[in-house]
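These notes concern the structure reproduced below.
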Amino acid sequence: MEMPEKIIANRLILERPYPVTFKLAEEMFAAVDLSRQTLRLWLPWVDATKTVEDEFSFLVTYCSDNWKNKSGFPYIIRKKDTNEFIGSIDLMKINEERKSGEIGYWLSDTAVGAGYMQEAVHALETEGFARGLNRIVIGNDTRNTRSVNVAMRCGYHLDGVMRQDRIDHISQQFVDSNVFSKLKFEL
Ligand SMILES: CC(C)(COP(=O)(O)OP(=O)(O)OC[C@H]1O[C@@H](n2cnc3c(N)ncnc32)[C@H](O)[C@@H]1OP(=O)(O)O)[C@@H](O)C(=O)NCCC(=O)NCCS
Numbered sequence: 004m005e006m007p008e009k010i011i012a013n014r015l016i017l018e019r020p021y022p023v024t025f026k027l028a029e030e031m032f033a034a035v036d037l038s039r040q041t042l043r044l045w046l047p048w049v050d051a052t053k054t055v056e057d058e059f060s061f062l063v064t065y066c067s068d069n070w071k072n073k074s075g076f077p078y079i080i081r082k083k084d085t086n087e088f089i090g091s092i093d094l095m096k097i098n099e100e101r102k103s104g105e106i107g108y109w110l111s112d113t114a115v116g117a118g119y120m121q122e123a124v125h126a127l128e129t130e131g132f133a134r135g136l137n138r139i140v141i142g143n144d145t146r147n148t149r150s151v152n153v154a155m156r157c158g159y160h161l162d163g164v165m166r167q168d169r170i171d172h173i174s175q176q177f178v179d180s181n182v183f184s185k186l187k188f189e190l
């Protein structure tokens, strides 16, 4: 499956983070650093992202590799009017045989509460379904109200709750995960 390097939405542009430059890594790291206390609650990689170099190596390894081998399509999100970097959305875990994938996302604290993620999910899923996907999953911690609200507002169906399916990286306790999905005919 192929995905476009740029997806234009109403107020946003979703872009492949390419070419990888130190300037881009700086821009992304600044947003992560600013929102660290919020993001770290739900995203285990945040505490491990301590420097611009960490962000750079994430771009080179995870992002570039996924795009190259088509196993996933991570995008950065920019505001169309100012070009400001506000977060990231990833169409990941592509399964060509099952025609399925999963969407993960985060926003900088400064961009929360404006409907940007709802818009980004809609733009990305529309492209994914148009390019052959049949099922897209959004998974989240059952306690992550904002993420749960994104999935519900975007019209995803709660397939079920996976009880004690992982160990929370902060509390070290077992926690439950939601599996939401949308099928092509539900777009
Ligand atoms: C999850 C996350 C992306 C959700 O961000 P969000 O801003 O709440 O979601 P949206 O961008 O869809 O915006 C919805 C909010 O904008 C408001 N809004 C304002 N203008 C809007 C518009 N034009 N259209 C839609 N919603 C709008 C909505 O009312 C809603 O606010 P509310 O929840 O306070 O009622 C964000 O909280 C985040 O990055 N969290 C940390 C990382 C994380 O948990 N990632 C997911 C891991 S599974």
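Just so we're aligned: the sequence shown equals residues 4 to 190 in this note's numbering. Positions of the beta carbon are idealized from the N, C-alpha and C atoms, including for glycine. The structure presented is a predicted model; accordingly, all values stated were derived computationally and were not measured.
Any non-hydrogen atom of ligand 1 within 6 Å of residue i CB
i      : result
TYR108 : yes
ARG146 : no
GLN40  : no
TYR78  : no
GLY158 : no
ARG149 : yes
TRP45  : yes
TYR21  : no
ASN143 : yes
TYR65  : no
ALA33  : no
GLY118 : yes
VAL164 : no
C-alpha distance - residue i paired with residue j, whole-angstrom precision
i      : j      : result
ILE170 : SER111 : 25 Å
ARG14  : HIS125 : 12 Å
GLU189 : VAL164 : 21 Å
ASN69  : ARG146 : 29 Å
PRO20  : ASP168 : 31 Å
PRO3   : ARG39  : The chain is shown from 4 up to 190; residue 3 falls before or after that span and cannot be answered.
ASP108 : THR129 : Before going on, a small fix: residue 108 reads as Tyr here, not Asp. Using only the alpha carbons, I get a separation of about 16 Å.
ASN86  : ILE80  : 9 Å
PHE177 : TRP45  : 14 Å
ASP36  : ILE92  : 17 Å
GLY118 : VAL23  : 28 Å
GLU8   : GLN175 : 38 Å
ASP144 : LEU161 : 13 Å
LYS53  : ARG166 : 32 Å
THR41  : ILE106 : 19 Å
LYS73  : ASP57  : 23 Å
Inter-residue CB distance, residue i and residue j (contact presumed, cutoff 8 Å)
i     : j      : result
PHE88 : PHE59  : Contact doesn't hold; Cβ gap of about 15 Å is too wide.
GLY90 : ALA114 : 6 Å
ILE10 : LEU127 : 7 Å
TYR78 : GLU29  : That pair is no contact at about 18 Å.
MET6  : PHE76  : 4 Å
Short Cβ contact (7 Å threshold) for residue i with residue j
i      : j      : result
TYR159 : ILE141 : yes
MET4   : ARG134 : yes
GLU122 : ALA34  : no
GLY104 : ILE139 : yes
LEU94  : GLY131 : yes
PHE32  : VAL55  : yes
LEU224 : LYS83  : With the chain represented from 4 up to 190, any question about residue 224 goes unanswered, as that position is not in the structure.
Cutoff 7 Å: residue i Cβ touching any chain D Cβ
i     : result
MET31 : You won't find chain D in this structure, because it holds only one protein chain.
Original post:
Is it a yes or a no for the region 54–64 touching the region 90–104, going by three-plus beta-carbon pairs under 8 Å?
Top reply: Contact fails: fewer than three Cβ-Cβ distances are below 8 Å.
Subject >> Three or more C-beta pairs below 8 Å linking the region 179–189 and the region 151–163 >> reply: Of all C-beta pairs linking the region 179–189 to the region 151–163, three or more are shorter than 8 Å, placing the two stretches in contact.
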